[in-house]
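**Q** Just so you know, the sequence shown maps onto residues 39 to 250 in our numbering.
All C-beta atoms in this analysis are idealised placements derived from N, C-alpha and C, irrespective of residue type, glycine included.
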Amino acid sequence: MKKLLILALATVIAFPAASFAQGTLKIGTVDMQRAFKEYNKTKDAESKVNDAKNAAKKEFDDRTESYKKALDEINKLNQQLDAPALSADAKATKAKERDEKIANIKNMEREINEFRQTREQQLQQQAMRMREGIVKEITDVVLERVKTNGMDLVFDKSGLSTNYVPIVLYSRDGADFTTEIITALNKKAASAPPEKPASSPGTSPAKPPTKP
């Protein structure tokens, strides 16, 4: 969207001032933020991302619960080792069992940390890909309407400058065609064949994958 905006601004500068005076430029505005929010596919995409987040949270909680149980077992073994009535052989056996569990829980801790980090990156990338895809679909429909209506310039009403000031300070209601874009998008999405469900990022026991 920023590239389109920069291109539009550059075009405005390139046009002679006389063009504005003569009313030869056909200018329109689109609220890209509203179009993104009201596009039905956005809701579907957000639902998929939320499902992936919930699945990741469940897996993380399961791993954490297993870690807590393993830690409890180590604490119980430590208590048993402190018992004065424990024979030397039994103490040696329990000490070996405890050390093995300590080594195992260290691996579990490392895997939990790797899982969290990797899955966070995967979810961020998934959300970014979905957003980029939807923005491209909206932009394509805008450009189709621009060509059909022979428009010269289109500005994003929701865009902000580097100083966080609205790029478009004022525009006539008649210049805005956001509603048309949203209607066209949702109509197009409704007539499109259903998408195949995307496979979620796989998790490997050796390298468990690692917050929406």
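Below 8 Å on the Cβ atoms is my guess for residue 68 versus residue 192; work out the distance and round it to an integer in Å.
**A** Position 30 of the sequence shown holds residue 68. Position 154 of the sequence shown holds residue 192. Right, their Cβ atoms sit about 6 Å apart.
**Q** With 16 other CB atoms within 10 Å as the buried threshold, where does residue 62 fall?
**A** Your numbering for residue 62 matches position 24 in the sequence shown. When all chains shown are included, residue 62 counts as exposed.
**Q** What is the DSSP secondary structure of residue 124, reduced to helix, strand or coil?
**A** Taking the first residue of the sequence shown as 1, we reach residue 124 at position 86. Looking at residue 124 - three-state DSSP - the assignment turns out to be coil, as it is neither helix nor strand.
**Q** Distance, Cα to Cα, residue 230 vs residue 223?
**A** Here residue 230 corresponds to residue number 192 of the sequence shown, with the count starting at 1. Here residue 223 corresponds to residue number 185 of the sequence shown, with the count starting at 1. One C-alpha to the other measures close to 11 Å.
**Q** To the nearest angstrom, how far is it from the Cα of residue 160 to the Cα of residue 135?
**A** To locate residue 160, count along the sequence shown from 1; it is residue 122. To locate residue 135, count along the sequence shown from 1; it is residue 97. In a straight line, the C-alpha of residue 160 is about 37 Å away from that of residue 135.
**Q** Output the distance between the C-alpha atoms of residue 208 and residue 105, rounded to the nearest integer angstrom.
**A** Along the sequence shown, read from residue 1 onward, the residue named residue 208 stands at position 170. Along the sequence shown, read from residue 1 onward, the residue named residue 105 stands at position 67. Distance between the alpha carbons of residue 208 and residue 105: 58 Å.
**Q** Assuming contact is defined by CB atoms lying nearer than 7 Å, are residue 172 and residue 73 in contact in what I supplied?
**A** On the sequence shown, position 134 is the one that residue 172 refers to. On the sequence shown, position 35 is the one that residue 73 refers to. No, they are not a contact pair.
**Q** Evaluate contact between the stretch 146-165 and the stretch 72-91, counting only Cβ atoms and requiring at least three cross-stretch pairs below 8 Å.
**A** Taking 8 Å as the limit for Cβ pairs, the verdict is that the stretch 72-91 does touch the stretch 146-165.
**Q** How many angstroms separate the CA atom of residue 117 from the CA atom of residue 169?
**A** The sequence position of residue 117 within the sequence shown is 79, counting from 1. The sequence position of residue 169 within the sequence shown is 131, counting from 1. Near 54 Å, if we compare the C-alpha coordinates of residue 169 and residue 117.
**Q** Do residue 101 and residue 140 have their CB atoms nearer than 7 Å?
**A** Indexing the sequence shown from 1 puts residue 101 at position 63. Indexing the sequence shown from 1 puts residue 140 at position 102. For residue 101 and residue 140, no; Cβs fall outside 7 Å.
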